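One point on numbering: in this note's numbering, the residue at position 70 of the sequence shown is 729, and numbering is uninterrupted.
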Amino acid sequence: MELIFVRHGEPVSVRTAGEPADPPLSERGSWQADRVSRWLAAEPVDALVTSNKTRAQQTVAPLAAQRALAPRVVADLDEIDRRAPIYAPIQHLAREFPDYWQKIVDQRWDEIGWDAPEVFRDRVLAAYEALVRERPGERVVVGCHGGVIGVVLSHVVGVATPFAFANLPFASISRVVVDANGRAQVRSISEVGHFDATRTRVVGPDGEGFAGRGWQDAARELGNGAPQRAHDGEDAHGD
Numbered sequence: 660m661e662l663i664f665v666r667h668g669e670p671v672s673v674r675t676a677g678e679p680a681d682p683p684l685s686e687r688g689s690w691q692a693d694r695v696s697r698w699l700a701a702e703p704v705d706a707l708v709t710s711n712k713t714r715a716q717q718t719v720a721p722l723a724a725q726r727a728l729a730p731r732v733v734a735d736l737d738e739i740d741r742r743a744p745i746y747a748p749i750q751h752l753a754r755e756f757p758d759y760w761q762k763i764v765d766q767r768w769d770e771i772g773w774d775a776p777e778v779f780r781d782r783v784l785a786a787y788e789a790l791v792r793e794r795p796g797e798r799v800v801v802g803c804h805g806g807v808i809g810v811v812l813s814h815v816v817g818v819a820t821p822f823a824f825a826n827l828p829f830a831s832i833s834r835v836v837v838d839a840n841g842r843a844q845v846r847s848i849s850e851v852g853h854f855d856a857t858r859t860r861v862v863g864p865d866g867e868g869f870a871g872r873g874w875q876d877a878a879r880e881l882g883n884g885a886p887q888r889a890h891d892g893e894d895a896h897g898d
């Protein structure tokens with residue numbers, strides 16, 4: 660089974676009156692979600708899973724519509740800040756919400772609606788291990804959060820801290836392959852090529868479709884069908 664983890668696209672910043680923040684995607688985030696959908700259109704997808712947050716669900720919505728798949732919501736795939744009344748992209752937090760940022764730095768988790776790191780890690784790994792046991796398909800797209808993906812990657816590579824893979828880009832793709840015995844390996848981390856390129860097909864590392872042919876012919880044909888640079892402004896947000 661291949662688990663294709665997609666971090667949500669860029670959301671808007673929000674501060675609520677006290678309830679958990681659940682912002683939608685920004686205009687850029689919606690563009691990012693569309694790029695993810697177009698990229699994964701070239702691959703088989705058997706099932707979709709998302710967290711319960713709007714930004715994660717909106718990120719996989721174009722892919723769900725394209726494939727006529729109903730995403731399954733798994734609340735335990737929510738981010739570490741699941742009860743926080745504030746959300747902003749990490750690079751904006753210190754400027755937009757300095758008091759909140761200082762409490763993050765001081766690790767005052769209860770005051771800001773964050774899970775303690777060990778609680779967060781246990782919750783996410785329980786959800787991940789349930790997916791591995793249930794095996795809802797051979798290729799499963801999981802729309803979730805940077806911290807969640809970081810916990811899974813850390814677990815698979817054997818790193819103790821859940822923050823070893825912090826700051827994954829918005830709408831990036833990371834892949835974990837799990838064999839029939841539950842053994843996992845990381846296939847990729849933070850793919851972002853979909854922001855700049857358009858796929859016409861997938862050949863794969865084994866050159867499927869080119870068996871028995873000279874590498875020059877294979878390279879020439881692949882070049883003719885190679886992904887092209889995005890046009891009509893589609894690469895305007897590839898930063």
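Glycine is no exception: its CB is placed at the ideal position from the N, C-alpha and C atoms.
Being a predicted model, the structure only gives us computed values, none of them experimental.
Can you give me the Cβ contacts of residue i inside the same chain, cut-off strictly under 7 Å, excluding the 5 residues immediately before and after it?
| i | result |
| --- | --- |
| residue 870 | Residue confidence is low: residue 870 scores 48 on pLDDT, short of 50, so the model does not pin down where it sits. No coordinate-derived value is stated. |
| residue 703 | 798 |
| residue 760 | 752, 753 |
Hey, out of the options, whose CA is closest to residue i's CA?
| i | options | result |
| --- | --- | --- |
| residue 709 | 717, 745, 767 | 717 |
| residue 816 | 796, 842, 793, 792 | 842 |
| residue 721 | 675, 696, 665 | 696 |
| residue 678 | 818, 742, 860 | 742 |
| residue 811 | 770, 796, 790 | 790 |
Could you name the residues of the same chain whose beta carbon sits closer than 6 Å to that of residue i, not counting the 5 residues immediately before and after it, in chain order?
| i | result |
| --- | --- |
| residue 707 | 719, 723, 728, 730, 800 |
| residue 844 | 836 |
| residue 782 | 735 |
| residue 694 | 853, 854 |
| residue 758 | none |
| residue 794 | 660 |
By Cβ distance, which residues of its chain are closer than 8 Å to residue i, with the 5 residues on each side in sequence left out?
| i | result |
| --- | --- |
| residue 747 | 672, 673, 755, 756 |
| residue 846 | 661, 834, 835, 836 |
| residue 809 | 821, 822, 823, 824, 825, 827 |
| residue 715 | 667, 709, 736, 802, 803, 804 |
| residue 874 | Per-residue confidence for residue 874 stands at a pLDDT of 48, beneath the threshold of 50, marking its modelled position as unreliable; no derived number is given. |
| residue 872 | In this prediction, residue 872 scores a pLDDT of 48, lower than 50, which makes its location untrustworthy; the coordinate-derived value is nonetheless stated afterwards. Counting only Cβ-Cβ distances below 8 Å, and skipping sequence neighbours, we find nothing. |
Give the range of the beta strand (DSSP E) segment to which residue i is assigned.
| i | result |
| --- | --- |
| residue 862 | First-last for residue 862: undefined, no H or E at that position. |
| residue 707 | 706-709 |
By the DSSP assignment, the alpha helix (DSSP H) with residue i in it spans what residues?
| i | result |
| --- | --- |
| residue 666 | From DSSP, residue 666 is part of no alpha helix (DSSP H) but of the beta strand (DSSP E) over 661-666. |
| residue 712 | Here residue 712 belongs to no alpha helix (DSSP H), and DSSP marks it neither H nor E. |
| residue 699 | 686-699 |
| residue 752 | 749-755 |
| residue 771 | 768-771 |
Quick check: is the beta carbon of residue i nearer than 8 Å to any beta carbon in chain B?
| i | result |
| --- | --- |
| residue 747 | Of the protein chains in the structure, only one exists, and it is not chain B. |
Take every Cβ of the stretch 818-828, pair it with every Cβ of the stretch 770-787, and state whether three or more of those distances are shorter than 8 Å.
-> These segments touch.
At what residue ranges does the stretch 788-860 contain a whole run of the beta strand (DSSP E), taking only runs of 3 or more?
-> 798-803, 832-837, 843-850
The stretch 786-796 touching the stretch 730-741, judged by at least three CB pairs closer than 8 Å = yes
Between the stretch 663-675 and the stretch 686-696, do three or more beta carbon pairs fall short of 8 Å?
-> yes
Can at least three beta-carbon pairs, one atom from the stretch 845-865 and one from the stretch 826-835, be found at a separation below 8 Å?
-> As far as the Cβ criterion goes, the stretch 845-865 touches the stretch 826-835, which means the pair count is three or higher.
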